[in-house]
Amino acid sequence: RKEVEQDPGPFNVPEGATVAFNCTYSNSASQSFFWYRQDCRKEPKLLMSVYSSGNEDGRFTAQLNRASQYISLLIRDSKLSDSATYLCVVLGSQGNLIFGKGTKLSVKP
Amino acid sequence: GAVVSQHPSRVICKSGTSVKIECRSLDFQATTMFWYRQFPKQSLMLMATSNEGSKATYEQGVEKDKFLINHASLTLSTLTVTSAHPEDSSFYICSARVRTGGWATEAFFGQGTRLTVV
């Protein structure tokens, strides 16, 4: 089983749509979780950390379910500029990041 | 935020040659630098962990004699791809974790290097 698994996508949605990404992780001892976005041929950029209580940053909401080892990201009122690949990321025991394959989102006018 | 400067951003080299990629931490000291590689449509995979003043730790399947890592100072880590082959063509990126307050840390990435071996 892969350490971090994500919806393969791609997701093609119209502007204004709500879109949800899901992710599961295999190591139950993992403590820190993140969503990154990666634009084509660029470095990943931190979108938000994910906390047990769930957290929201504007149009973005992240949820963590430790019992199910499941992480989600919800994007409301999607914009053209949200088009990117969204990476589910878990912090490894050595301080490294363990990345999912990413889910590509295309927001169309 | 902290800045990690990586160069070159893009390099095309002939098969059999060596390529050096540099990552500098511009406004902080990085005792540890992580090197990742990303093949097309694949996830970023950790190649090695570079520690200042000591030998790098390589992930399983990564040849240490082919991917030479040097972390001679707290602000510079280098990855040299020796005797590059077309299958080494990939996106290479470095990352350092920076303490942002209390126990919280954040990963900062270099801009990445797209290597094409022809």
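Protein chains in written order, with the numbering used here: chain A, 35 to 143; chain B, 51 to 168.
Quick reminder that beta carbons are idealized off the backbone N, C-alpha and C, glycines included.
Does the beta carbon of Ile119 (chain B) sit closer than 8 Å to a beta carbon anywhere in chain A?
Translated into positions along the second sequence, residue 119 (chain B) becomes position 69. No, Ile119 (chain B) lies away from the interface with chain A (no Cβ there is under 8 Å from its Cβ).
Euclidean distance between Cα positions of Ser6 (chain B) and Met83 (chain B):
Nothing can be reported for residue 6 (chain B): it is not among the residues displayed for chain B, which extend from 51 to 168.
Whole angstroms is fine: what's the gap from Ser93 (chain B)'s alpha carbon to Gly152 (chain B)'s?
Here residue 93 (chain B) refers to the residue found at position 43 when the second sequence is read from its first residue. Here residue 152 (chain B) refers to the residue found at position 102 when the second sequence is read from its first residue. Roughly 30 Å between the two C-alpha positions.
Proximal residues of chain B, C-beta to C-beta of Pro44 (chain A) below 9 Å
As a first step, residue 44 (chain A) must be located in the first sequence, where it is residue number 10. Those do not exist, as Pro44 (chain A) stays about 11 Å from chain B at its closest Cβ, beyond 9 Å.
Length of the line joining the Cα atoms of Phe68 (chain A) and Gly88 (chain A)
Residue numbering aside, residue 68 (chain A) sits at position 34 when the first sequence is read from its first letter. Residue numbering aside, residue 88 (chain A) sits at position 54 when the first sequence is read from its first letter. Rounded to the nearest angstrom, the two C-alpha atoms are 12 Å apart.
Report yes if the CB atom of Phe94 (chain A) is closer than 8 Å to the CB atom of Ile109 (chain A), and no otherwise.
The sequence position of residue 94 (chain A) within the first sequence is 60, counting from 1. The sequence position of residue 109 (chain A) within the first sequence is 75, counting from 1. Yes, Cβ-Cβ distance for Phe94 (chain A) and Ile109 (chain A) is below 8 Å.
Do the region 96 to 116 of chain B and the region 73 to 88 of chain B touch if we need at least three Cβ pairs shorter than 8 Å?
yes
Can the beta-carbon of Pro136 (chain B) be found less than 8 Å from the beta-carbon of Ser65 (chain B)?
Taking the first residue of the second sequence as position 1, residue 136 (chain B) is located at position 86. Taking the first residue of the second sequence as position 1, residue 65 (chain B) is located at position 15. Yes, Cβ-Cβ distance for Pro136 (chain B) and Ser65 (chain B) is below 8 Å.
Gln92 (chain B) CB to nearest chain A CB: under 8 Å?
Along the second sequence, one-based indexing puts residue 92 (chain B) at 42. Chain A contact via Cβ: present.
Members of the region 123 to 150 of chain B near chain A, C-beta cut-off 9 Å:
Phe141, Ile143, Ser145 and Arg147
Run through the region 108 to 143 of chain A for me and flag every whole beta strand (DSSP E) of 3 or more residues, listed as ranges in chain order.
118 to 125, 131 to 133 and 137 to 142
Within chain B, partners of Gln128 (chain A) - CB distance below 9 Å:
Locating residue 128 (chain A) in the first sequence gives position 94, counting from the first residue. What Gln128 (chain A) touches in chain B: Thr82, Phe84, Leu96, Thr99 and Thr107.
What is the DSSP secondary structure of Glu137 (chain B), reduced to helix, strand or coil?
Taking the first residue of the second sequence as 1, we reach residue 137 (chain B) at position 87. Reduced to three states, the DSSP call for Glu137 (chain B) is helix.
Based on the DSSP output, what are the partners of Pro48 (chain A) in its beta bridges?
Here residue 48 (chain A) is taken as the residue at index 14 of the first sequence, counted from 1. Answer by DSSP bridge pairing, in chain order: A:Lys142.
Backbone secondary structure at Gly147 (chain A) - three-state DSSP:
Within the shown structure, residues of chain A are numbered from 35 to 143, placing residue 147 (chain A) beyond reach of any answer.
Does Leu108 (chain A) come within less than 8 Å of chain B when only Cβ atoms are used?
For the purposes of this step, residue 108 (chain A) is taken as the residue at position 74 of the first sequence. No, Leu108 (chain A) lies away from the interface with chain B (no Cβ there is under 8 Å from its Cβ).
If Leu121 (chain A) and Tyr70 (chain A) are in contact, beta carbons under 8 Å, what's the gap, nearest whole angstrom?
Position 87 of the first sequence holds residue 121 (chain A). Position 36 of the first sequence holds residue 70 (chain A). Confirmed, Cβ separation roughly 4 Å.
Using 8 Å as the threshold, is the C-beta distance between Gln65 (chain A) and Leu125 (chain A) below it?
As a working mapping, residue 65 (chain A) is identified with position 31 in the first sequence. As a working mapping, residue 125 (chain A) is identified with position 91 in the first sequence. Contact flag set, yes.
At a Cβ threshold of 8 Å, is Leu98 (chain A) touching chain B?
In the first sequence, residue 98 (chain A) corresponds to position 64, counting from 1. No - not a single Cβ of chain B is within 8 Å of the one on Leu98 (chain A).
What are the boundary residues of the beta strand (DSSP E) that Gln40 (chain A) is part of?
Position 6 of the first sequence, counted from the first residue, corresponds to residue 40 (chain A). Val38 to Gln40 is the extent of the beta strand (DSSP E) around Gln40 (chain A).
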